[in-house]
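Reading through the structure tokens given below for one structure.
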Amino acid sequence: MPTCATPVYLETARNPYGFIGGIDAHCFEESYLRELIAEVAPQRAKEARPFRLAVIQLGTYDGTIYNARQVVDKIGHLCDYILFDSAWVGYEQFIPMMADCSPLLLDLNENDPGILVTQSVHKQQAGFSQTSQIHKKDSHIKGQQRYVPHKRMNNAFMMHASTSPFYPLFAALDINAKMHEGVSGRNMWMDCVVNGINARKLILDNCQHIRPFVPELVDGKP
Numbered sequence: 008m009p010t011c012a013t014p015v016y017l018e019t020a021r022n023p024y025g026f027i028g029g030i031d032a033h034c035f036e037e038s039y040l041r042e043l044i045a046e047v048a049p050q051r052a053k054e055a056r057p058f059r060l061a062v063i064q065l066g067t068y069d070g071t072i073y074n075a076r077q078v079v080d081k082i083g084h085l086c087d088y089i090l091f092d093s094a095w096v097g098y099e100q101f102i103p104m105m106a107d108c109s110p111l112l113l114d115l116n117e118n119d120p121g122i123l124v125t126q127s128v129h130k131q132q133a134g135f136s137q138t139s140q141i142h143k144k145d146s147h148i149k150g151q152q153r154y155v156p157h158k159r160m161n162n163a164f165m166m167h168a169s170t171s172p173f174y175p176l177f178a179a180l181d182i183n184a185k186m187h188e189g190v191s192g193r194n195m196w197m198d199c200v201v202n203g204i205n206a207r208k209l210i211l212d213n214c215q216h217i218r219p220f221v222p223e224l225v226d227g228k229p
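Structure below.
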């Protein structure tokens, strides 16, 4: 690999419909992870934090979304950083019942991993096509050897950036940030949640051959 990193891959699930699910539960067990890394980098397997970076897809194309708190609690002590690929989500910060799904809202301390979150702003937010952004949440480990300073992060970013950027993309990121500022983002996404729930109820009530992938009852209520 260009970074000279040694990857360890985790198994993921698919249901009978072919929907992409999450990583299999046993892959989050410390003993299993140490077995995997012992096969490819035995010198790292017994270190307190054998992984420089874990990359987790926070939300899949088909709608499986992780509880970020649980992920950090399970494997955070094994990793310097966890990168959550939030390409298909990005709205979890603005919906109260999804707060635990947001890596950016986690309360972290010096023993936790640093957090990186990538978002495809053009998918679920308000950016032009191809707009994306990287969030870095790691002030809680600043001063530690594993901390990635701004200069290193910025140089790595610039190495993969164009020398002729398309500035409307940057403008779209600013506009998206402004649209979500304060209570505006929470209000906007609450409207989306309500509309989505109502749409699913209408489909359940009126369609025979198209069924949303949700239970017909939640807490005994339709």
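Throughout the sequence shown, residue numbering follows my numbering, covering 8 to 229 in sequence.
Quick reminder that beta carbons are idealized off the backbone N, C-alpha and C, glycines included.
Reference residue i; option with closest CA among the options
| i | options | result |
| --- | --- | --- |
| N161 | E117, I141 and V128 | I141 |
| L7 | G29, G25, G28 and P57 | Since the first residue of the chain shown is 8 and the last is 229, residue 7 is not available in this structure. |
| S93 | L85, N22, E188 and L123 | L123 |
| T13 | Q64, A48 and A61 | A48 |
| L90 | E117, T67 and K144 | K144 |
| V62 | D119, H216, Y16 and N194 | Y16 |
| E188 | I217, Y98 and F220 | Y98 |
| C86 | F26, Y154 and N194 | Y154 |
| F177 | A168, T138, M186 and C214 | T138 |
| F220 | Y24, N194, P156 and E18 | Y24 |
| H129 | H157, V96 and N116 | V96 |
| S146 | G192, R218 and D114 | D114 |
| Q64 | M166, R218, H167 and Q126 | Q126 |
| A32 | Y73, R59, E46 and C11 | Y73 |
| R21 | S38, L60, R59 and T71 | T71 |
| G66 | E37, R193, G28 and Y88 | G28 |
Residues bridged to residue i (per DSSP)
| i | result |
| --- | --- |
| Q64 | D92 |
| R21 | I27 |
| I102 | None, per the DSSP bridge assignment. |
| K228 | V225 |
| F35 | F35 pairs with nothing; no bridge assigned. |
| C86 | F58 |
| I44 | None; I44 has no bridge partner. |
Distance between beta carbons of residue j and residue i, contact taken as under 8 Å
| i | j | result |
| --- | --- | --- |
| L112 | Q100 | 6 Å |
| F230 | P175 | Missing from the structure shown is residue 230; the chain here goes from 8 to 229 and no further. |
| P110 | A75 | 4 Å |
| D69 | F35 | Actually they are not in contact, since the Cβ atoms of D69 and F35 sit about 20 Å apart, beyond 8 Å. |
| P222 | K208 | That belief does not hold up - the Cβ atoms of P222 and K208 are roughly 12 Å apart, past 8 Å. |
| I30 | E42 | That pair is no contact at about 16 Å. |
| N118 | H84 | 7 Å |
| M197 | A133 | Going by Cβ atoms, the distance from M197 to A133 rounds to 16 Å, so no, they are not a contact pair. |
| task | Count the C-beta pairs between the segment 106–115 and the segment 192–204 that are closer than 8 Å, then say yes if the count reaches three, no if not. | result | Counting C-beta pairs with one atom in each stretch, the segment 106–115 and the segment 192–204 have fewer than three that are closer than 8 Å, which means they do not touch.
| said: For the segment 71–89 against the segment 46–53, do three or more pairs of beta-carbon atoms, one drawn from each stretch, fall closer than 8 Å, so that the two count as touching? | reply: no
| request: Please confirm if the segment 179–189 is in contact with the segment 147–159, defined as three or more CB-CB distances below 8 Å between the two stretches. | output: no
| query | Hey, which unbroken runs of the alpha helix (DSSP H) at 4 residues or more fall wholly within the segment 153–225? | reply | Counting whole runs of 4 or more residues, the segment 153–225 contains the alpha helix (DSSP H) stretches 157–166, 174–186 and 190–213.
| Inside the segment 118–147 only - beta strand (DSSP E) runs reaching at least 3 residues | Correct list: 121–126 and 140–144.
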